[in-house]
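Here the protein sequences come in this chain order: A and B. Going by the numbering used here, the final residue of the first sequence carries number 478, and the count climbs one at a time with no gaps. Going by the numbering used here, the final residue of the second sequence carries number 478, and the count climbs one at a time with no gaps. Structure first, commentary second.
Number of protein chains: 2
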Amino acid sequence: MKAKYLNVKWQKSMRLRMDYNNMTDEFVGSKQGISAAEIRAKKDLAATAFSRVQEKRGTGMMGWTELPYNQKDVVADILATAKDIKKNFDYFVVLGIGGSALGPIAVMQALNHLHYNDLPKAKRKGPKFYVEDNVDPERMKALLDVIDVKKTMFNVITKSGSTSETMSQYLIVYDILKKELGDKAKDHIIATTSESKGNLIKLAKAEGFKTFYIPDGVGGRFSELCPVGLLPAAATGIDIKQMLAGAAFMDKLCKEKNYKKNPALMSAVLSYISMQKGKNISVMMPYADSLRYMSDWYCQLWAESLGKADDFNGNKVYAGQTPVKALGVTDQHSQVQLYREGPFDKVVTFLAVDDYRESVKIADGCKDIPDVNFLCGHTMNELIQAERVATEYALTVSQRLNRTIYLPEVNAFTVGELLYFYEMETAFCGEMLEIDTFNQPGVEAGKNATYALLGRKGYEQTKAEMESAKAKKEEFIC
Amino acid sequence: MKAKYLNVKWQKSMRLRMDYNNMTDEFVGSKQGISAAEIRAKKDLAATAFSRVQEKRGTGMMGWTELPYNQKDVVADILATAKDIKKNFDYFVVLGIGGSALGPIAVMQALNHLHYNDLPKAKRKGPKFYVEDNVDPERMKALLDVIDVKKTMFNVITKSGSTSETMSQYLIVYDILKKELGDKAKDHIIATTSESKGNLIKLAKAEGFKTFYIPDGVGGRFSELCPVGLLPAAATGIDIKQMLAGAAFMDKLCKEKNYKKNPALMSAVLSYISMQKGKNISVMMPYADSLRYMSDWYCQLWAESLGKADDFNGNKVYAGQTPVKALGVTDQHSQVQLYREGPFDKVVTFLAVDDYRESVKIADGCKDIPDVNFLCGHTMNELIQAERVATEYALTVSQRLNRTIYLPEVNAFTVGELLYFYEMETAFCGEMLEIDTFNQPGVEAGKNATYALLGRKGYEQTKAEMESAKAKKEEFIC
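Here it is as structure tokens:
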């Protein structure tokens, strides 16, 4: 039987659509809106960004463009491993942070039951699922209170094997496992890491852990479609082949040269122009609980990729747009007042879903209360859609730039599309800004300062500098 | 036995401290930093804001200032009700949105076990806890999959009783309860609402629901310390008397006239100056999982209170600062690259905790890997503190404005302090901006558009306008 996601007609019916009318002067007025002429003026810039991305595809730190195509054996290994995990473990815990955590969390929320861990075992497609992406001792202790390590598979994810947070967790967990299980401890760890360098691969070989590899050209925030994301997804029953098929489908759309027909390139052009217009904030507001953690994943991708002090030519540019996560309709009661009446400093991207996977009817009642009774007979589906369209309208009439990305439904294919769409938009936008999209030099200072504070050798000077800064602090405490 | 939180010495040991050295030119340089002269120049403005807030205390929409003092009987009723809930119910579900949800979620996360719902019943201090603050049909269905309505107490929270989202949920849930339980359905609903006006109080009286009241002068985002927040907290075993004692303690500090000694007033001065300097983003970054949803609560308070188009004099000011939630250390691997290298457009507020409630030692291991082995022997507590101080340092040397609010520990008293501190800062800052801190006119347009789309009578014109706008949309879809 041919899988549904391989059917071209079905794929087309699942294509994401971006409606950016409300970014234009025609809808939000000429003072804030983007004119057709402004868009046209970016034609050459878009063409340059496009050809640079095409040239770099699959090379350097753009290895992630090939993930939809080059993982046949890896996927087979992941599926076999996932089968084994589902059979033998009650808990699956990701030890990872940043790019090793945000993708797995986002995909889990999107594609599994919204109260997955609360379901009885028989109704779940896999073990209970936790992601430990912090080093808060209260949280670590809380996790250990609710899992049974003897029935837990830990997936340690770090490309370098030197991420302090993840490796601390690994040390703690492996110590407990060895005390509880002796020689069998190693069967409770899967390491997802670089094959060619770093600490974790050495450790994995020495201890005999099962391993999956993060390709060299795949950085943390571009890693969801490699084993970093695919193993946790598969372990909880998500169809990872469909995710990759969705990414491949989007990749095809993003190979279109004409920027007006290339969704990620067009999106990058709009983002670039809005930054030039002083919109330094980009809000992602999905109207679906299932997509709420997509915003966290996007926030890392956008912030860490585009937030750069230097451009290619060594100029100080302090580029970047601050991503903000919001949730429809929830944050209408929290943020929309500001979005409509505050500074004209943001672009809001709504994520809309054409068909929700459930339908709930609002029961009859409150006959004497017209304020409430008008809801009766409608579905929650109608209500959430009406609120989304209403919010879009309210922002637009207040001259606030917004656009909507429609997912026909939330499934593994469309989630694959969405992830890949944003990765591509980010790559295009980085080229337009003439910055290095794939590095993160700004996090080094903090790492070094941490090493200094924990007394690591070689960081004595940093420690001295920090102490002298601290000594000055007296006056401004309240 | 005298409660610990009534002891003055103990209270003083639990006082929050704000360190704002890294907001000043001395630490972040003269180009970005705030000078002592700039602070002094706001002395009169601060004095005016202070006296206006003092005048308005307890009146109009500032009824919330009295909540630490005027709820003796209410608290007794809440505690008795909570005792009953704990005895008779396995699930406690809040139906509410915005101010009726964000406070309960924040306090629950701060003061109960971090995996509370996953604990076995014997280890929990109350029923499982859910907050339904959206109208996504998939989420509603998911909730109904994991609770047993026959063992569930629903707390419907809406001041007006006409909040569409909450009342839809109420209609759905009450219909199910009546089908399952007949006449006993009413014993599964507690209504928290206005005593004097609105729909829900009428409904509650007609149906015979237990009720708690939201005082007239307490708006949604200032309601956590009234029954809106106190009942859910008490139902899960949180010491609400301590929360109120903490708020009262902070209130006392905020009655200090000298702005340099009044933490909320000083904080408002700094926020005001930073907005004037073009910092249109305010990041809250707690270094504690327990405080992560405090950021969501703060985001509503700050956005909805200060995001205003008009000032007192009818001038268009488009005031407001966009609040952003981040989590330490997690978001060091997501946002800090942008915070250090991107535009100079933000102020970061770290929430620090002196003493975590657990301590976890990092076990020995990885002897051959110095990159990792330096962690061994330290605690997670030391690691998270070092990372916080390191991040603060890294931002400071990059001339990024930041400040730190220290909680001696996370407990009901300090959480009460923190909530009240931010409410007071917001009130002071609103006065400085000369705007109405307590209204939200910007959400009306969206509500009306929703009514129009759902065919409510009287909204035909809005509907026609929306349809004509929609008809124009053709070109800009990709």
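A virtual CB, placed ideally from N, CA and C, is assigned to each residue, including glycine. Quantities reported herein were computed from a predicted structural model and do not represent experimental measurements.
Taking the CB atoms as reference points, tell me whether residue i and residue j lie closer together than 8 Å.
{"i": "B:I157", "j": "B:S196", "result": "no"}
{"i": "B:P408", "j": "B:D355", "result": "yes"}
{"i": "B:E138", "j": "A:R357", "result": "yes"}
{"i": "A:G365", "j": "B:D175", "result": "yes"}
{"i": "B:A363", "j": "A:I214", "result": "no"}
{"i": "A:G237", "j": "A:G58", "result": "no"}
{"i": "A:A233", "j": "A:V107", "result": "yes"}
{"i": "A:D19", "j": "A:T404", "result": "yes"}
{"i": "A:V443", "j": "B:Q337", "result": "yes"}
{"i": "B:I189", "j": "B:F212", "result": "no"}
{"i": "A:Q471", "j": "A:T462", "result": "Contrary to the premise, residue 471 of chain A reads as Ala rather than Gln in this sequence. No."}
{"i": "A:M61", "j": "A:G278", "result": "no"}
{"i": "A:L102", "j": "A:D296", "result": "yes"}
{"i": "B:H115", "j": "A:D148", "result": "no"}
{"i": "A:I78", "j": "A:L231", "result": "yes"}
{"i": "B:S162", "j": "B:G198", "result": "yes"}
{"i": "A:T330", "j": "B:N134", "result": "yes"}
{"i": "B:F428", "j": "B:L265", "result": "yes"}
{"i": "B:A445", "j": "A:V397", "result": "yes"}
Roughly how many angstroms lie between the CA atoms of residue i and residue j, to the nearest whole one?
{"i": "A:E431", "j": "A:E423", "result": "13 Å"}
{"i": "A:H333", "j": "A:K325", "result": "14 Å"}
{"i": "B:F350", "j": "B:F209", "result": "42 Å"}
{"i": "B:P343", "j": "A:V317", "result": "8 Å"}
{"i": "A:M243", "j": "A:R221", "result": "17 Å"}
{"i": "A:A245", "j": "A:A82", "result": "19 Å"}
{"i": "B:A394", "j": "A:K123", "result": "47 Å"}
{"i": "B:S271", "j": "B:D311", "result": "18 Å"}
{"i": "B:D368", "j": "A:T193", "result": "18 Å"}
{"i": "A:L301", "j": "A:T426", "result": "7 Å"}
{"i": "B:T361", "j": "B:T379", "result": "At residue 361 of chain B the sequence reads Lys, which differs from the Thr that was named. Cα to Cα, B:K361 sits roughly 4 Å from B:T379."}
{"i": "A:D345", "j": "B:R52", "result": "30 Å"}
{"i": "A:K128", "j": "A:K178", "result": "22 Å"}
{"i": "B:I85", "j": "B:G98", "result": "24 Å"}
{"i": "B:E467", "j": "A:A386", "result": "13 Å"}
{"i": "A:N262", "j": "A:E207", "result": "47 Å"}
Assign residue i to one of two classes, buried (16 or more other C-beta atoms within 10 Å of its C-beta) or exposed (fewer than that).
{"i": "B:V8", "result": "exposed"}
{"i": "B:Q321", "result": "buried"}
{"i": "B:G481", "result": "No statement about residue 481 of chain B is possible, as the shown extent of chain B runs from 1 to 478 and does not include it."}
{"i": "B:E417", "result": "buried"}
{"i": "A:G130", "result": "Just to set this straight, residue 130 of chain A is Tyr in the shown sequence, not Gly. Buried, since its Cβ has 16 or more Cβ neighbours within 10 Å."}
{"i": "A:S30", "result": "exposed"}
{"i": "A:G314", "result": "exposed"}
{"i": "A:S274", "result": "buried"}
{"i": "A:E392", "result": "buried"}
{"i": "B:T152", "result": "buried"}
{"i": "A:A36", "result": "exposed"}
{"i": "B:K87", "result": "exposed"}
{"i": "B:K42", "result": "buried"}
{"i": "A:Q54", "result": "exposed"}
{"i": "A:G458", "result": "exposed"}
{"i": "B:R292", "result": "buried"}
Determine which residues share a DSSP beta bridge with residue i and list them.
{"i": "B:T450", "result": "BP columns for B:T450 are empty, so no partner."}
{"i": "A:F92", "result": "A:F129, A:M153"}
{"i": "B:D25", "result": "Answer is none; B:D25 lacks a bridge partner."}
{"i": "B:R480", "result": "Chain B is shown only over 1 to 478; residue 480 of chain B falls outside these bounds and no answer can be derived."}
{"i": "A:T322", "result": "A:I281"}
{"i": "A:I190", "result": "A:N155, A:K210"}
{"i": "A:T65", "result": "Per DSSP, none; premise fails for A:T65."}
{"i": "A:I477", "result": "B:D19"}
{"i": "A:I34", "result": "A:T24"}
- Could you pull out every unbroken beta strand (DSSP E) segment of at least 3 residues lying fully inside the segment 252 to 316 of chain B, listed in chain order? 281 to 286
- Item | Interfacial residues, the segment 91 to 109 of chain B to chain E, with Cβ spacing under 8 Å | This model lacks chain E altogether, as its protein chains are A and B.
- Message: Going residue by residue through the segment 384 to 446 of chain B, where are the continuous beta strand (DSSP E) segments of at least 3 residues, counting only ones entirely within it?
- Response: 402 to 409
- Inside the segment 324 to 362 of chain B only - beta strand (DSSP E) runs reaching at least 3 residues: If one requires a minimum length of 3 residues, the beta strand (DSSP E) runs lying completely within the segment 324 to 362 of chain B are 346 to 355, in chain order.
- Write down every uninterrupted run of the alpha helix (DSSP H) in the segment 193 to 224 of chain A whose length is 4 residues or greater and which is fully enclosed by it, in chain order. 199 to 207
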